[in-house]
Each structure stands twice: as structure tokens, then as C-alpha cells.
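Quick mapping for you: the protein sequence lines, in order, are chains A and B. My numbering puts the first sequence at residues 1 to 108. My numbering puts the second sequence at residues 109 to 216.
Protein chains: 2
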Amino acid sequence: MAKRATRAERRVRGSRTGRPIMALLDLLGRRWALRILWELRGEPLTSRALRSACDEASPTVLQARLTELREAGFVELGDGGGYGLTPLGRELCETFMPLHRFAERWRR
Amino acid sequence: MAKRATRAERRVRGSRTGRPIMALLDLLGRRWALRILWELRGEPLTSRALRSACDEASPTVLQARLTELREAGFVELGDGGGYGLTPLGRELCETFMPLHRFAERWRR
DNA sequence: CGTAGTGCTACGGTAAATGTAGCAACGGAA
DNA sequence: TTCCGTTGCTACATTTACCGTAGCACTACG
Numbered sequence: 001m002a003k004r005a006t007r008a009e010r011r012v013r014g015s016r017t018g019r020p021i022m023a024l025l026d027l028l029g030r031r032w033a034l035r036i037l038w039e040l041r042g043e044p045l046t047s048r049a050l051r052s053a054c055d056e057a058s059p060t061v062l063q064a065r066l067t068e069l070r071e072a073g074f075v076e077l078g079d080g081g082g083y084g085l086t087p088l089g090r091e092l093c094e095t096f097m098p099l100h101r102f103a104e105r106w107r108r
Numbered sequence: 109m110a111k112r113a114t115r116a117e118r119r120v121r122g123s124r125t126g127r128p129i130m131a132l133l134d135l136l137g138r139r140w141a142l143r144i145l146w147e148l149r150g151e152p153l154t155s156r157a158l159r160s161a162c163d164e165a166s167p168t169v170l171q172a173r174l175t176e177l178r179e180a181g182f183v184e185l186g187d188g189g190g191y192g193l194t195p196l197g198r199e200l201c202e203t204f205m206p207l208h209r210f211a212e213r214w215r216r
């Protein structure tokens, strides 16, 4: 817990400019961050259900991303348990939802 | 884990599903990937200019991301030198351009 | 020749992610 | 009560990714 506060205060990884877009790109450019938002786009998921959805990613990093996304105000933990998107997080999810169609046309 | 696969044959990090959106989220969820696309949104940049724009990120990982983004067809190296977006890459950049406005309202 | 610019890479050290295991707390059944 | 299963969350050792510095080969000037 203490270590995250240290890093977060120092700077958002690799962007000293302070411009919000950089902080956002940095936050979303971490492992599983985009994927978590994507998997939560529907109904809320428990931590273990989210882990299954995220291809059994290690709970360590999943928990770290969830904490960061919660501090950013994109994700929240419901009273009855289970992670879901906040209105802000849902809005963010909408902004890069066109990626889905783009990816379908891309196909590698 | 029965066998230890190398990174190349072992899917795009963390997505075994094969769904294009997962591969795309995975590719864009690596360090500096989103930032590179963002910095190239305007005119093409030389490798060193791009590095300056990306807060002096180490050339090792920058080169790795550039190679991946080139293989994905989003970035290309012009004849006279300098990296720029392909039409596909420019299209991708447009899809998450609304993030800019979102980030401005977000502000942490 | 030397100088300065490309794109790109080697290498040692550090930070982050993985995989496995397990914790305390809560909610039912038995 | 006790047992069981689930929740969110964490410890720890291993593996992987990234950082920072330096420097390569190549080209184009002067």
C-alpha cells in the first residue's frame, strides 16, 4: 500500500508533463488496465470472476490495477461485493468502445 | 504449467481467446504504446525526436514498441527516415482521440 | 578526413508481473 | 456451535519487462 502512494506522488509513470492526457495514457497503458475496464463494461464482477475473465491473470497485479482504477474514480467496489464501473468509468469505457469495431476490421 | 512457451508463440500477452479486441487491448496496454501513437498523431518524428517527445524513454523499449506497432500496421518508417502513422494507424488514433477531451474533464 | 545526424542494439541493474499459496471475514447450512 | 464455501486481498520467490547508458553501422554533409 505504501509503495503505491510513493510512486503515484512522484509522477505517473514516465510522464512528467502533468498533462491529464499523459496521466490517463499512462494509467491505461499498464498491464490489464484496459482489459479490466473492458471486462467490467457489462455487469459487475467479483474479484475471482474478473480474474477468470482476464485469463487468470495473477491476483497481485489485478488487485494493484483495481486499486489504481478505484483511486482514479473509474471502478468501485459495491456494498454487496463485486467490482463495477462508476459513471465516470462507464463514460471512459464508452470513449474507447469504437476500438471494438476497429479491432474487428483489423484482425491482424 | 506443462510447457513453457516463448513469448512469440505464446499468444499476445494475456489473451488466449484470439478475439481481435483482446489482442488490440493487449498491444496498446504495453508501456509507451499509447503514448507513441499519441505523439505521432501529427507529423512524423525521427526516432530521437520521438524519444524526446516520450519523456526520454529508453530507446530499448521504444524500439520494441515501434517494431510491434509496425508489425501491426499502425506505424511505418518513411523512406527519408522518421516514423509516422499509416492510414490504419491514423484511423486507430482517431478512435481514441476522444480520450483527450475526457482526460481534460477528468484531471484527477 | 571529421562531424553530425539517422535507426538500432548490448548490457547491467532495477522495477514490475507471474504463479502459487494462503490469510481474515462474512454467510449460510448442518 | 462447527463446517464449508465464498468474498476481497496479500506474501513470497521466480520470471519477465523495462530503464539508463553507451555505442554500433550507416549516410550525408563540410
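The C-beta atom is built at its ideal place from N, Cα and C for all residues, glycine as well. Bear in mind the structure is a predicted one, so any value in this text is a computation, not a measurement.
Please decide whether residue i counts as near chain B, where near means a Cβ-Cβ distance under 9 Å.
i        : result
Glu76(A) : no
Glu43(A) : no
Arg51(A) : no
Which two residues bound the contiguous alpha helix (DSSP H) that contains residue i?
i         : result
Leu109(A) : The question about residue 109(A) has no answer here: the residues shown for chain A are numbered 1 through 108.
Glu76(A)  : Where Glu76(A) is concerned, there is no enclosing alpha helix (DSSP H), although the beta strand (DSSP E) it sits in stretches over Val75 to Leu77.
Trp38(A)  : Ala33 to Glu39
Asp26(A)  : Pro20 to Leu28
Ala172(B) : Pro167 to Glu179
Phe102(A) : Pro98 to Trp106
Leu153(B) : Careful: Leu153(B) lies outside any alpha helix (DSSP H) and carries neither H nor E.
Would residue i pass as an interface residue toward chain A - the criterion being a Cβ-Cβ separation below 9 Å?
i         : result
Ala131(B) : yes
Arg156(B) : no
Arg178(B) : no
Arg115(B) : Confidence at Arg115(B) is low in this model, with a pLDDT of 31, below 50, so its placement is unreliable and no value can be given for it.
Pro66(B)  : One cannot answer for residue 66(B) here, as it falls past the ends of chain B, which runs 109 to 216.
Gly190(B) : no
Trp214(B) : yes
Ordered along the chain, which non-local residues of its own chain (more than five positions away) have a Cβ less than 7 Å from that of residue i?
i         : result
Glu9(A)   : Note on Glu9(A): pLDDT 31, under 50, position unreliable in the model; the coordinate value appears next. Excluding residues within five positions, none has a Cβ falling inside 7 Å.
Cys162(B) : Trp140, Arg143, Ile144, Glu147 and Leu170
Arg101(A) : none
Leu135(B) : Val120, Ala141, Glu176 and Ala180
Leu153(B) : Glu147, Ala161, Gly190 and Tyr191
At least three beta-carbon pairs within less than 8 Å, the region 32-42 of chain A to the region 72-83 of chain A
yes
Mind checking the region 89-104 of chain A against chain B and listing, in chain order, the residues whose C-beta falls within less than 8 Å of any C-beta there?
Answer set for the region 89-104 of chain A: Glu91, Leu92, Thr95, Phe96, Pro98, Leu99, His100, Phe102, Ala103 and Glu104.
Taking a Cβ distance cut-off of 8 Å, strictly less, list which residues of the region 134-149 of chain B are near chain A, in chain order.
Asp134, Leu136, Gly137, Arg138, Arg139, Trp140, Ala141, Leu142, Arg143 and Trp146
Does the region 145-165 of chain B come close enough to the region 186-203 of chain B to have 3 or more Cβ pairs within less than 8 Å?
yes
Contact between the region 158-178 of chain B and the region 52-71 of chain A (3+ Cβ pairs under 8 Å)
no
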